[in-house]
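> My questions all concern the structure below.
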Amino acid sequence: MNLLLLSLLAAVGVWLLIFLYRSNNRKRSELLLPVRPASIVKIHSYKSFGIIATVRFQYDLTPQIGDRLHEDGNIYKITGVVFSDSKQEQPKETWDCRLVKI
């Protein structure tokens, strides 16, 4: 009976160590992702799913979902890019994005 209890505790301990190791590596790898320099031109709304804002990027690359941007000491993750059908008078590097503050 003691041997069974000991082996069960050992198995739970090993599982806990593996789980903590994986979650720590996942958090550490997120910190190493590249961050795009950008400035938030206008915040349109705060919603439960994030912030909808007009963002001006320094480089002329189309923003992708999952990109991270840095603005005034805060890091935001892009969860959506809004493409409008109507052609507005916006510079080429300005996009409407859905953001989540990290």
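Residue numbers in the sequence shown follow our numbering, run continuously in steps of one, and reach 1099 at the last position. Don't be surprised by glycine CBs; every beta carbon is placed ideally from N, CA and C. Please read all numbers here as calculations on a predicted model, not as lab measurements.
#1: Alpha carbons only, please: which of Asp1064, Leu1014, Asp1057 and Thr1051 is nearest the one belonging to Phe1103?
#2: Going by C-alpha distance, which of Ser1045, Asn1071 and Ile1015 is nearest Ser1036?
#3: Give me whichever residues DSSP pairs with Pro1034 in a beta bridge.
#4: Taking Ile1075 and Leu1096 to be in contact with their CB atoms under 8 Å, please state how far apart those CB atoms are, rounded to whole angstroms.
#5: What does DSSP give as the partner residue(s) for Phe1054 in the beta ladder?
Result, derived from the coordinates:
#1: Nothing can be reported for residue 1103, as the shown portion of the chain is limited to 998 through 1099.
#2: It is Asn1071.
#3: The partner list for Pro1034 (beta bridge, DSSP) reads His1067.
#4: Contact between Ile1075 and Leu1096 holds: CB atoms are separated by about 6 Å, below the 8 Å threshold.
#5: Residue pairing of Phe1054 in beta bridges, as defined by DSSP: Ala1035.
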